[in-house]
Ligand SMILES: [Zn+2]
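Printed below as a string of structure tokens:
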């Protein structure tokens with residue numbers, strides 16, 4: 005079983021890409037669960053599928069925070085695209101095919117979740133991100149609607165914020181972080197790494213106070229027996245299972261991930277360079 009390595013050498017870019025892939029997915033999952041918290045706590049009216057709504061709240065948060073970052077390095081857009089990529093690869097592995105448990109589940113099919121995430125990212129800045137649909141295989145019949153999809157989603161996001169949640173005011177809410185123990189030696193490695201890196205603290209810091217509440221909650225990692233993440237309104241805990249993190253790490257070994265990481269790595273650089281490198285990643 006592949007697990008997070010005990011030490012990641014800086015001279016091992018393949019390994020750090022894999023870790024980055026895991027962290028980007030953890031960022032998205034955490035925000036998705038924050039969205040559930042907000043919808044549940046405030047009784048936010050939801051038209052349509054609640055899982056779609058949670059994905060949309062999470063995606064728009066990343067896009068808006070990305071825009072607000074002075075360095076504008078596309079790091080948070082990249083987190084969103086990486087989450088889309090994980091879903092796309094899950095779909096390509098064919099595990100959902102002919103599976104009634106998946107077809108009748110509340111979550112949309114992973115390829116639909118991926119398409120929505122990419123569409124929102126692209127639709128937020130279609131001129132700047134013009135090569136994106138081709139890179140990730142979003143057909144033009146969908147891409148043509150993405151600008152409208154993003155505007156619609158952002159309108160809803162702003163309504164939620166203005167109605168229920170305060171955006172950044174400069175005051176920081178201190179949340180609790182609990183990295184639960186596990187007896188599984190592989191999962192222990194994951195736990196140690198997350199503690200060392202203050203992984204959850206960094207996720208919260210990366211999105212600032214957007215979508216965060218004035219009330220303190222606990223963000224907990226623990227062993228759950230299956231790859232899962234959830235918001236528990238009774239204990240006021242946002243739980244991220246080590247098994248889910250491990251699943252992301254295993255997924256990060258996929259060749260498709262490696263190729264896409266190469267292409268979107270350029271999101272760090274300036275806009276001109278982004279356009280050049282995502283069109284021609286080897287230049
Ligand atoms: Zn959910």
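In our numbering, the protein residues as written are 5 to 287.
All C-beta atoms, glycine included, are put in the ideal place defined by N, C-alpha and C.
Where residue i and residue j are concerned, what is the direct C-alpha to C-alpha distance, given to the nearest angstrom?
i, j, result
"residue 134", "residue 206", "30 Å"
"residue 182", "residue 242", "10 Å"
"residue 109", "residue 93", "19 Å"
"residue 223", "residue 253", "20 Å"
"residue 27", "residue 167", "31 Å"
"residue 231", "residue 97", "17 Å"
"residue 227", "residue 31", "18 Å"
"residue 86", "residue 225", "21 Å"
"residue 137", "residue 60", "18 Å"
"residue 152", "residue 141", "19 Å"
"residue 189", "residue 105", "31 Å"
"residue 115", "residue 179", "33 Å"
"residue 113", "residue 50", "19 Å"
Rank the options by C-alpha distance to the C-alpha of residue i and give the top, closest one.
i, options, result
"residue 257", "89, 50 and 82", "89"
"residue 41", "145, 58 and 184", "58"
"residue 288", "74, 39, 142 and 122", "The structure shown does not extend to residue 288, since the chain is modelled only from 5 to 287, so the question has no answer here."
"residue 77", "132, 56, 45 and 106", "132"
"residue 148", "159, 165, 160 and 129", "129"
"residue 71", "185, 158, 245 and 255", "158"
"residue 144", "160, 126, 156 and 155", "126"
"residue 187", "229, 146 and 204", "229"
"residue 185", "246, 203, 239 and 162", "246"
"residue 37", "55, 249 and 163", "55"
"residue 48", "117, 163, 190 and 25", "163"
"residue 117", "251, 46, 248 and 53", "53"
"residue 25", "46, 91 and 75", "91"
Under 6 Å Cβ to Cβ from residue i, same chain only, skipping five residues before and after it: list those, please.
i, result
"residue 8", "Its pLDDT being 37, under 50, residue 8 is placed unreliably by the model, and nothing is read from it."
"residue 63", "84, 121 and 124"
"residue 240", "221"
"residue 73", "none"
Suppose the cutoff is 8 Å on Cβ atoms and the five residues either side in sequence are ignored; what does the same chain contact list for residue i look like?
i, result
"residue 44", "235 and 237"
"residue 155", "127"
"residue 95", "113, 114, 115 and 118"
Residues near ligand 1, criterion Cβ-heavy atom distance below 6 Å: 36, 40, 55 and 58
Length at least 3, wholly inside the segment 37-119: the beta strand (DSSP E) runs in chain order: none
Any beta strand (DSSP E) of 3 or more consecutive residues that is wholly inside the segment 218-250: 222-226, 233-236 and 241-245
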